[in-house]
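Numbering (mature numbering (1 follows the signal peptide of the UniProt record, and there is no 0)), first residue to last: -32 to -1, 1 to 798. Here a beta-carbon is modelled for each residue, glycine too, at the ideal position from N, C-alpha and C. If you're wondering where the values come from, they're calculated on a predicted model, not measured in any experiment. Scroll down for the structure; my scribbles are underneath it.
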Ligand SMILES: *[C@@H]1O[C@H](CO)[C@@H](O)[C@H](O)[C@H]1NC(C)=O
Ligand SMILES: *[C@@H]1O[C@H](CO)[C@@H](O)[C@H](O)[C@H]1NC(C)=O
Ligand SMILES: *[C@@H]1O[C@H](CO)[C@@H](O)[C@H](O)[C@H]1NC(C)=O
Ligand SMILES: *[C@@H]1O[C@H](CO)[C@@H](O)[C@H](O)[C@H]1NC(C)=O
Ligand SMILES: *[C@@H]1O[C@H](CO)[C@@H](O)[C@H](O)[C@H]1NC(C)=O
Ligand SMILES: *[C@@H]1O[C@H](CO)[C@@H](O)[C@H](O)[C@H]1NC(C)=O
Ligand SMILES: *[C@@H]1O[C@H](CO)[C@@H](O)[C@H](O)[C@H]1NC(C)=O
């Protein structure tokens, strides 16, 4: 029982323990998670030289750490949901912050407080359901604020923009914006640009936007109000309409005649520049529009993106007055029923006035001549990016009969034109034409002769398929664009030319400058230029700006030197496209390097000079070395070495040969006498008789009791085998002699052979075959160690280590000399 209870207690203790441990683990886990989300704030290092940190599309879910010196921080299109209090501390230098396209729902009230240098803030396309005036209180430098497309329905109070005294560009609103109240925009004055997306606006207090003045440009989206609440639309437009404020209206679907009121409101307030974006309308609504604008001071009407649902029957408005209209601009228009569309024949009331008409990218395939004739004031016609052909252009320009007589600029780029001679004929009688843009067409060849109006100054035939140029080009032209063709050479003189564009062709070198005595700007990027030099540029008398990057430069020494010294440091010609676009294409090891940064060595650049200088230096060094070697007797040492090695080999062979014979038997001489040829007389007259034939000399007869054994001497003259190499002879003579006697004299020192002998004896000595006293030195004349040249170190060593016998000059001391010599030679006998 007791035991049981105890067991239970123990078990409970265990369980408690377990719970506690689990709790601990859980706490530490959750704490760890917290700390990891705190500490492991990701960082973004995509910063460039201008301190622009582009962290867009980085997948960040919170504001990443970025260097605090950043000036621009682009965090757009991430998944950031919250900007915390301390996310942007230290960013006091930040000028631009872009948080567009995140999922921002929460911004801490003081999150932007440190950003007092901030000039541009983009919070568009997020999930902000309410705006907080505290966000912006410290942003005194802010000039540009974008709050578009967030789900807030009103701006809220207190007024959010109160502190933004420098604000110049403001964008607000979105699909959810339903209400704008008076005072919402208090604090905002003087705007350059105001954008309001209010497609779903249902409540607007008159005067809300009127407080903003002056107002540079207004862009409004008022889709629903235009359809359902025309009074509201009128009120809004009345509040922003001023004669000098261009107004852009977006996303309108104009149907019926309901919408007239707001347009009339604008006309009444004398708006002069009106732009529609993303507009759809019918014939009826166009007539209504024209009626609404009757007599208005409207000067320019632009439409970007229009869908026309009618057939072009607008003549019902033929009574209206549009004489103030100066410019019609239409781009990206779509005519739904293009085959039913009638020409603008009845539109004289409209077409009579404008000076500028643009009909761009709208699938226009012809403008009938009759319509052209209505455009009597036309000075500027842009029909680029349409479906015109040579034939329909002929119609449009009335077969070149000089209609459109005031035309100054004609732009029909981006059409399927093929015949340049047709074009020149059509414009020939446009006597005021100065600009002709026929770029991005299909011209592939040039006729030999063309006739252009003499006023033509700007001609653009870029992006065609020209292979060569001919005298067809007008000689009066001042600006000529022939880029992106297939040209290889330029051979035509154009005396008036100021600017020439030749990028994207196949030029291998610059065109000759003398063709263009007045040229100031030359653009010839992305060709196959290899190089150019000072003389090339000097041939252009007046060239100031050159753009010639992205070519296949050969980084030769001349070019690199010219580029780095002549061009970079501001000569007469200025490289306007930046040094970094000049990159070496060859040689291979320099490929990809900037021409301005390349360093070529002297060896590469002055090869001939380099080679000749190195030869001279090598020759000089060689000579010096030879002289030095000669001075240091190196050749002598070499010869010695050689002989010594040879002799040593020979001696080893002989040793092997006589291994079996007793060495004593081989010693056939008592002494080998080494002497200089010039001391031969002494040897023959004194030494040989005295030692080989003792008793025959007078001295010895004085003491007949003392008889000497005749010694057997080895003399090279007498005992050397003829035909054998002399060194071998000497070696074997030494080996076969007990002793070597050196007769030292000045003569000996000067005789090379004697030196060899000496050295061999030395070798013999230290090979240890014959004991220490194998050498006997006899000095024929007083000769101190210092008289021996230093390089005969072995002789000097021998002289200091071995006692030597001096040949006395006095007759009476010679007996003693011979005795000493004999005893020295006989040591072994004893
Ligand atoms: C950042 O990069 C994106 C493309 O990744 C680009 O669209 C955007 O313009 C860049 N932002 C800046 C400020 O240059
Ligand atoms: C954001 O998150 C969503 C899902 O949560 C994901 O589909 C999307 O790719 C993310 N966007 C980026 C830029 O990481
Ligand atoms: C306008 O508001 C209605 C309802 O208030 C909504 O259904 C619609 O999506 C909104 N329009 C846009 C373009 O968001
Ligand atoms: C153009 O406006 C219509 C409403 O008229 C809108 O539904 C559409 O999304 C807009 N298109 C663009 C590209 O903004
Ligand atoms: C306007 O057009 C009508 C026919 O639609 C015509 O009867 C009338 O004369 C025209 N008025 C003017 C001023 O051209
Ligand atoms: C002609 O139109 C093209 C494309 O719209 C444009 O790039 C070019 O500048 C225009 N040329 C002139 C002379 O206005
Ligand atoms: C010539 O036309 C092209 C394409 O239309 C354009 O990009 C270029 O700027 C034009 N050249 C000049 C000198 O205006």
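Could you tell me the alpha carbon to alpha carbon distance between residue 716 and residue 751, rounded to whole angstroms? 11 Å
* Asked: Does the Cβ of residue 152 have 16 or more other Cβ atoms within 10 Å, making it buried, or fewer, making it exposed?
  -> buried
Report whether the distance from the Cβ of residue 291 to the nearest heavy atom of ligand 5 is below 7 Å. no
By the three-class DSSP mapping on this structure, what secondary structure does residue 42 have?
strand
Note down, in chain order, each residue of its chain lying with its Cβ closer than 7 Å to the Cβ of residue 566, except the 5 sequence neighbours on either side. 523, 528, 552 and 558
Inset, instruction - Sort 682, 318, 252 and 226 by Cα distance to residue 269 and report the nearest one. - result: 318
### Check your reading: residues with Cβ closer than 5 Å to ligand 1 heavy atoms
22, 24 and 42
Item to complete: Let me know if residue 67 comes out buried or exposed under the rule of 16 or more other beta-carbons within 10 Å of its beta-carbon.
Response: buried
Coarse secondary structure for residue 787, derived from DSSP in three states: helix
Subject >> Close beta carbons around residue 76, own chain, < 7 Å, minus the five adjacent residues each side >> reply: 51, 52 and 53
| Do you know whose CA, among 373, 364, 407 and 245, lies nearest residue 345's CA? | 373
Following the continuous alpha helix (DSSP H) through residue 802, name the residue where it begins and the one where it ends.
The structure shown does not extend to residue 802, since the chain is modelled only from -32 through 798, so no value can be given for it.
To which residues of the same chain is residue 100 closer than 8 Å at the C-beta, ignoring the five residues directly before and after it?
75, 77, 124 and 128
Which term fits residue 207, buried or exposed, when burial requires 16 or more other beta carbons within 10 angstroms of its beta carbon?
-> buried
Q) In its own chain, which residues sit with a C-beta less than 6 Å from the C-beta of residue 806, not counting the 5 before and 5 after it? A) Beyond the ends of the chain as shown, which are -32 and 798, falls residue 806; an answer cannot be given.
Check: CB-CB under 8 Å to residue 773, same chain, minus the five flanking residues each way: which ones, in chain order?
Finding: 744, 745, 746, 747, 785, 788, 789 and 792
Could you give the distance in angstroms between the alpha-carbon of residue 682 and the alpha-carbon of residue 651? 11 Å
With a threshold of 7 Å, establish whether the CB of residue 250 neighbours any heavy atom of ligand 6.
no
message = Does residue 781 pass the burial test, meaning 16 or more other C-beta atoms within 10 Å, or should it be called exposed?
response = exposed
| message | Can you find the residues in the same chain that come closer than 8 Å, C-beta to C-beta, to residue -13, ignoring five residues on each side of it along the sequence? | response | In this predicted model, residue -13 has a pLDDT of only 44, less than 50, meaning its place in the structure is not dependable; the value taken from the coordinates is given anyway. For residue -13, where only same-chain residues beyond five positions count, there are no Cβ hits under 8 Å.
Check the C-beta distance from residue 277 over to residue 248 and give it rounded, since I have them as a contact under 8 Å. 7 Å
key: Residues of its chain near residue 348, where Cβ-Cβ distance is below 6 Å and the 5 sequence neighbours each way are ignored   = 324 and 377
* When the distance is taken between beta carbons, is residue 190 closer than 8 Å to residue 204? -> yes
Helix, strand or coil for residue 256, going by three-state DSSP, please let me know. helix
Fill in: Proximal residues to residue 480 (C-beta, below 7 Å), its chain only, five neighbours per side dropped
507
Express the C-alpha separation of residue 71 and residue 47 in angstroms, rounding to a whole number. 6 Å
Open item on the list: As an exercise, report each continuous beta strand (DSSP E) stretch of at least 3 residues that is fully enclosed by the stretch 379 to 418, in chain order.
Closed with: 403 to 405
Open item on the list: Measuring straight from C-alpha to C-alpha, what distance separates residue 801 and residue 307?
Closed with: Absent from the model: residue 801. The displayed extent of the chain is -32 to 798, so no value can be given.
Checklist line | Status (buried if at least 16 other CB within 10 Å, exposed otherwise) for residue 395 | finding: buried
*Determine the contact status of residue 146 and residue 167, defining contact as a CB-CB distance below 8 Å.*
no
Q. Would the C-beta of residue 550 count as close to ligand 7, meaning under 7 Å from any of its heavy atoms?
A. no
Q) With residue 62 and residue 83 assumed to form a contact (beta carbons below 8 Å), what rounded beta-carbon distance in angstroms separates them? A) 5 Å
DSSP state of residue 743 mapped onto helix, strand, coil:
strand
query = Mapping DSSP to helix, strand and coil, what is residue 189?
reply = strand
8 Å CB neighbourhood of residue 332 in its chain, flanking five on each side removed | 351, 354, 355 and 356
**Item:** Residues that residue 243 bridges to, as DSSP identifies them
**Value:** 216 and 270
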